[in-house]
Each structure stands twice: as structure tokens, then as C-alpha cells.
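Asks: Below you'll find the structure I mean.
There are 2 protein chains.
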Amino acid sequence: MNIGPYTLEEYKNLVKSFHGYLAPGLLVGGFMVDHALKHLPEGDLFDAVCETRNCLPDAIQLLTPCTIGNGWLRILDLGRYALTLYEKYGGRGVRVYMDVRKLDSWPHIKTWFLKIMPKDQQDSDALLEEIGEAQATILGMEEVEVRFDRLEKKHKDIIAICPVCGEAYRAQSRGLCKACRGELVYLKTEETGVKIV
Amino acid sequence: MNIGPYTLEEYKNLVKSFHGYLAPGLLVGGFMVDHALKHLPEGDLFDAVCETRNCLPDAIQLLTPCTIGNGWLRILDLGRYALTLYEKYGGRGVRVYMDVRKLDSWPHIKTWFLKIMPKDQQDSDALLEEIGEAQATILGMEEVEVRFDRLEKKHKDIIAICPVCGEAYRAQSRGLCKACRGELVYLKTEETGVKIV
Numbered sequence: 672m673n674i675g676p677y678t679l680e681e682y683k684n685l686v687k688s689f690h691g692y693l694a695p696g697l698l699v700g701g702f703m704v705d706h707a708l709k710h711l712p713e714g715d716l717f718d719a720v721c722e723t724r725n726c727l728p729d730a731i732q733l734l735t736p737c738t739i740g741n742g743w744l745r746i747l748d749l750g751r752y753a754l755t756l757y758e759k760y761g762g763r764g765v766r767v768y769m770d771v772r773k774l775d776s777w778p779h780i781k782t783w784f785l786k787i788m789p790k791d792q793q794d795s796d797a798l799l800e801e802i803g804e805a806q807a808t809i810l811g812m813e814e815v816e817v818r819f820d821r822l823e824k825k826h827k828d829i830i831a832i833c834p835v836c837g838e839a840y841r842a843q844s845r846g847l848c849k850a851c852r853g854e855l856v857y858l859k860t861e862e863t864g865v866k867i868v
Numbered sequence: 672m673n674i675g676p677y678t679l680e681e682y683k684n685l686v687k688s689f690h691g692y693l694a695p696g697l698l699v700g701g702f703m704v705d706h707a708l709k710h711l712p713e714g715d716l717f718d719a720v721c722e723t724r725n726c727l728p729d730a731i732q733l734l735t736p737c738t739i740g741n742g743w744l745r746i747l748d749l750g751r752y753a754l755t756l757y758e759k760y761g762g763r764g765v766r767v768y769m770d771v772r773k774l775d776s777w778p779h780i781k782t783w784f785l786k787i788m789p790k791d792q793q794d795s796d797a798l799l800e801e802i803g804e805a806q807a808t809i810l811g812m813e814e815v816e817v818r819f820d821r822l823e824k825k826h827k828d829i830i831a832i833c834p835v836c837g838e839a840y841r842a843q844s845r846g847l848c849k850a851c852r853g854e855l856v857y858l859k860t861e862e863t864g865v866k867i868v
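Written out as C-alpha cells, the structure is:
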């Protein structure tokens with residue numbers, strides 16, 4: 672049993688090292704990405720869309736060339752556990768999702784995925800075992816075409832220097848940077864006390 | 672010269688394998704994360720905020736336990752090339768940024784960082800070499816305290832089944848999922864042609 676270019680054990684170790692622990696979502700996610708890769712036309716340059724912020728983006732980052740930082744992975748937080756790999760320029764691709772209609776024979780997966788019981792009452796070993804047995808049988812797949820007009824555009828930004836904080840920032844036009852316009856999440860700790868940036 | 676737990680060569684190879692190529696932003700980013708790690712109180716559990724979507728998140732993912740999928744890394748897209756590592760529960764931490772006031776002795780870095788010339792007219796070997804020489808001398812650092820009230824809250828979601836697409840989704844309340852309410856980016860390719868989901 673392989674997940675992408677890795678054996679199951681290798682993939683599990685990668686997950687622990689990158690994600691911090693062997694989350695069930697990463698194990699399911701590995702089978703999902705693997706399933707998508709197997710159904711994508713070979714040799715194409717592809718990008719990824721992930722429909723959730725939870726876990727799944729890390730499976731995509733581990734198993735494809737698409738990462739958050741290189742921009743080939745986009746997160747479109749629709750809350751669905753699903754991903755799409757699509758041909759970069761044409762937009763044709765495959766979308767893979769967890770199919771809840773196929774979970775009846777897998778009680779641990781169903782309980783976890785639909786949050787039927789609180790996490791501390793779930794049997795995580797049995798859950799991981801079921802995921803390893805179920806593999807791609809609990810997934811759905813469909814061919815899709817990504818609508819580029821619906822994806823957020825990558826703007827050609829300029830680099831401006833903010834007259835308040837003095838830092839460089841990417842923007843469409845000059846002026847105060849977003850942080851200095853109020854989108855702050857920090858207090859600066861000064862020697863004399865604490866003041867708001 | 673080390674970057675986090677890696678030699679410079681090891682880090683460069685990691686970057687190529689994860690990010691796809693040795694982007695200057697990942698090399699600078701490596702020194703930035705390393706600088707932040709060196710100034711964070713040891714042993715603390717920390718989370719990360721990244722102020723740009725470009726490149727830097729990958730340096731954080733490679734050099735800290737914080738990833739997009741495990742939620743310990745948040746991207747707050749302010750367009751500034753800066754990151755903060757902060758103590759998970761108390762919020763105290765360090766913010767590291769590119770300090771444009773320190774770039775005058777580094778013409779290739781300045782040209783690249785401020786986009787003074789188009790990319791194809793820049794000398795990328797000389798740029799990488801300068802970054803390797805400059806290391807942390809081009810960075811600024813400040814102690815900060817993250818304002819949790821300004822960070823997007825992680826809601827306790829339920830899992831609902833959408834009556835239209837039949838898929839499970841995370842939500843605050845039941846009803847149609849976001850995708851079926853119009854936040855679509857796909858066309859489904861049916862045997863009979865193409866129709867909008």
C-alpha cells in the first residue's frame with residue numbers, strides 16, 4: 672500500500688515530523704491526494720485548491736509540489752473535506768472528497784468525521800486502523816473544470832514603504848500599510864512599558 | 672552557518688524539495704525564522720503569525736512545528752515580509768521583519784526586495800550570495816504581545832450535511848454549504864457535457 676511516492680510507514684513518519692502528530696485527517700488526506708494524483712493526466716503542471724483549512728492542506732503540501740508559500744496551493748475555506756488538483760493553465764482536473772454515503776461500514780471513521788461523539792470518547796487506534804483499511808473506498812471523485820474568474824486574482828503588486836512603520840509592503844497603491852491602517856494583532860513591548868503599535 | 676537545526680546546504684535542499692526551487696524569499700525567510708527562534712524563550716510552546724502569503728510561510732513550515740494544516744501557523748496577509756513567533760497561551764513573542772533601512776550595502780537584495788528592476792534583469796546568483804552573506808544583519812526584531820482579541824477566533828463548528836451536494840461540511844449552523852450557496856469555483860464535467868454545480 673503506497674501513498675504517493677511513499678510507503679504507508681514512510682508517509683506516517685513524514686506526517687509526524689511535519690504536522691506534529693499522526694492526525695486521522697492527514698491519513699485520510701494522504702489517500703485523498705494519492706487518489707487525485709492517480710486520476711490526473713500524467714505530466715501536467717497542476718495547482719491545488721483545498722476546501723478546508725483543517726489538516727488536509729498539509730497532506731497536499733507533503734505529497735504534491737503545491738505549497739502555501741509557493742502559491743500553487745490555495746485554500747478556499749468552504750468547510751468541506753475536499754481537494755482539487757487541476758491543470759494549471761487549462762483548469763481541468765479532479766476533485767476528491769470524503770463521501771459520507773460510504774461511511775456506514777466504517778463506524779469509527781463515521782463517528783470521527785461527523786463528530787458524532789466527543790474526541791475523548793473516540794478510539795483513535797481503531798480509527799486509524801479503519802482508515803488504513805478503507806483507503807480510497809470512502810472517497811468520491813468528480814472531474815471538474817476550475818473557473819479562473821472565480822479564483823482570487825494574483826495582482827501585480829508594487830512594493831511601497833509605509834511612512835508610519837517604515838517597513839516595505841506589497842500593495843496596489845502607496846500610503847499607509849494595512850497594519851498601520853488598523854489591522855494590527857500586536858502590542859510592541861517597549862522598555863518603558865507596553866504601547867500599541 | 673546554520674539555519675534552525677540544519678546546515679545551510681541541508682536547508683537549501685529542503686527548500687528545493689518542498690517549495691520546488693530555491694527562492695530568495697525562502698533563503699531570507701530561513702534566516703528570519705532562525706533569528707526569531709534564537710530570541711524566543713526556550714521550551715515554550717509557540718504559534719506563528721506570518722504577515723505575507725508569499726514564500727515566508729514555507730520557511731516557517733520547514734523550520735518550526737507550525738503548519739497551515741495544524742493551525743499553529745496563521746497567515747494574516749498584511750503584505751509585509753515579517754513573522755511573529757509567540758507563546759501560545761500568553762501571547763508574548765518576537766516579531767522579525769526585513770528592515771529596508773539596512774539594505775543600502777546590499778544592492779542585489781535591495782533591488783529584489785523593493786522590486787526596483789524586473790526579475791529577468793536581476794542577477795539571481797549574486798542575490799542568493801548576498802543573502803548568504805548578509806544573514807540576520809538585514810533584519811529587524813521587536814518584542815511583541817499578540818492580541819488574541821484581534822486574531823480570528825477558532826469556532827466550535829458542527830458537522831452538517833448539505834441537502835444539495837450531500838457532502839459534510841463544518842459550519843456554525845445547518846443549511847446549504849457555502850459551495851452550494853454560491854462560493855463555487857468549479858464546473859462539474861458530466862458525460863453529457865459541462866454543467867455548473
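Read top to bottom, the protein sequences are chains U and L. Using this note's numbering, you'd call the opening residue of the first sequence number 672 and step up by one each time. Using this note's numbering, you'd call the opening residue of the second sequence number 672 and step up by one each time. Ideal placement from N, C-alpha and C gives every residue a C-beta, glycine not left out. Bear in mind the structure is a predicted one, so any value in this text is a computation, not a measurement.
1) Smallest Cα separation from valine 765 (chain L): which of L:Pro728, L:Glu804, L:Val686, L:Val817?
2) Lysine 786 (chain L) touches chain U at which residues, Cβ-Cβ below 8 Å?
3) Could you check the C-alpha separation between glycine 846 (chain U) and leucine 747 (chain L) for me, to the nearest Å?
4) Give me the chain U residues within the contact set of isoleucine 739 (chain L), using Cβ-Cβ distance strictly less than 8 Å, ordered along the chain.
5) Closer than 8 Å, CB to CB, is arginine 751 (chain U) near chain L or not?
6) Could you check whether glutamate 838 (chain L) and tyrosine 768 (chain U) sit closer than 8 Å to each other, using their CB atoms as the reference points?
7) Residues in the stretch 681 to 698 of chain L with C-beta within 9 Å of chain B's C-beta atoms, listed in sequence order?
8) So is alanine 842 (chain L) in contact with chain U if we call contact Cβ pairs under 8 Å?
9) At 9 Å on the CB atoms, spell out the chain U contacts of threonine 755 (chain L), in chain order.
10) Would histidine 706 (chain U) and leucine 697 (chain U) qualify as a contact pair, given that the criterion is a beta-carbon distance under 8 Å?
11) Please report the Cβ distance between tyrosine 752 (chain L) and leucine 727 (chain L), rounded to the nearest whole angstrom; I am assuming they are in contact, meaning their Cβ atoms lie under 8 Å.
12) Less than 8 Å between the C-beta atoms of isoleucine 832 (chain U) and valine 686 (chain L), yes or no?
13) Can you tell me which of the three DSSP states asparagine 741 (chain L) falls into?
14) Could you give the DSSP three-state label for alanine 719 (chain L): helix, strand or coil?
15) Taking the straight line between their C-alpha atoms, what separation do you get for arginine 852 (chain U) and cysteine 836 (chain U)?
16) Does the pairing of the stretch 733 to 749 of chain U with the stretch 715 to 724 of chain U give three or more beta-carbon distances under 8 Å?
17) State the Cα-Cα distance for the pair alanine 842 (chain L) and asparagine 673 (chain L), rounded to the nearest angstrom.
18) Select from U:Leu774, U:Pro676, U:Tyr760 the residue whose C-alpha is nearest the C-alpha of leucine 734 (chain U).
19) Please list the partners that tyrosine 768 (chain U) has in chain L, where partner means a Cβ-to-Cβ separation under 7 Å.
Replies: Walking through what the data contain:
1) Along the second sequence, one-based indexing puts residue 765 (chain L) at 94. Of the listed residues, the one whose Cα sits closest to valine 765 (chain L) is L:Val817.
2) Translated into the one-based positions of the second sequence, residue 786 (chain L) becomes position 115. Within chain U, Ile829, Ile830 have C-beta atoms less than 8 Å from the C-beta of lysine 786 (chain L), given in sequence order.
3) Counting from one through the first sequence, the residue named residue 846 (chain U) turns up at place 175. Counting from one through the second sequence, the residue named residue 747 (chain L) turns up at place 76. CA-to-CA, the gap between glycine 846 (chain U) and leucine 747 (chain L) works out to about 19 Å.
4) For the purposes of this step, residue 739 (chain L) is taken as residue 68 along the second sequence, with counting starting at 1. Going along chain U in sequence order, the residues near isoleucine 739 (chain L) (Cβ under 8 Å) are Arg724, Pro728, Asp729, Gln732, Ile739, Ile746.
5) Within the first sequence, residue 751 (chain U) is the residue found at index 80, counting from 1. Chain L, which has a Cβ nearer than 8 Å to the Cβ of arginine 751 (chain U), makes this yes.
6) Taking the first sequence and counting its residues from 1, the one referred to as residue 768 (chain U) is at position 97. Taking the second sequence and counting its residues from 1, the one referred to as residue 838 (chain L) is at position 167. Judged by beta-carbon spacing, glutamate 838 (chain L) lies within the 8 Å limit of tyrosine 768 (chain U), meaning their Cβ atoms are closer than that value.
7) No chain B appears in the structure shown, which is made up of the protein chains U and L.
8) Along the second sequence, read from residue 1 onward, the residue named residue 842 (chain L) stands at position 171. At least one CB of chain U lies nearer than 8 Å to the CB of alanine 842 (chain L).
9) Here residue 755 (chain L) refers to the residue found at position 84 of the second sequence. Within chain U, the residues Val856, Tyr857 have their CB atoms less than 9 Å from the CB of threonine 755 (chain L), given in chain order.
10) In the first sequence, counting from the first residue as 1, residue 706 (chain U) sits at position 35. In the first sequence, counting from the first residue as 1, residue 697 (chain U) sits at position 26. Their beta carbons are not under 8 Å apart, which means histidine 706 (chain U) does not touch leucine 697 (chain U) by this criterion.
11) Working through the second sequence from its first residue, we reach residue 752 (chain L) at position 81. Working through the second sequence from its first residue, we reach residue 727 (chain L) at position 56. For a cut-off of 8 Å, the C-beta gap from tyrosine 752 (chain L) to leucine 727 (chain L) is around 6 Å, short enough to register as a contact.
12) Walking along the first sequence from the start, residue 832 (chain U) turns up at place 161. Walking along the second sequence from the start, residue 686 (chain L) turns up at place 15. If you check the CB distance, isoleucine 832 (chain U) and valine 686 (chain L) do not come in under 8 Å.
13) One-based indexing of the second sequence puts residue 741 (chain L) at position 70. Residue state, collapsed to three classes: coil.
14) Here the question's residue 719 (chain L) lines up with position 48 in the second sequence. Here alanine 719 (chain L) sits in strand by DSSP.
15) What you label residue 852 (chain U) is simply residue 181 of the first sequence in a count that begins at 1. What you label residue 836 (chain U) is simply residue 165 of the first sequence in a count that begins at 1. So the alpha carbons of these two residues sit roughly 11 Å apart.
16) Short answer: they touch.
17) Position 171 of the second sequence, counted from the start, is the residue given in the question as residue 842 (chain L). Position 2 of the second sequence, counted from the start, is the residue given in the question as residue 673 (chain L). Rounded to the nearest angstrom, the two C-alpha atoms are 44 Å apart.
18) Mapped onto the first sequence, residue 734 (chain U) falls at position 63. For the residues U:Leu774, U:Pro676, U:Tyr760, the minimum Cα distance to leucine 734 (chain U) belongs to U:Pro676.
19) As a first step, residue 768 (chain U) is located in the first sequence; it is residue number 97 there, counting from the start. Glu838, listed in chain order.
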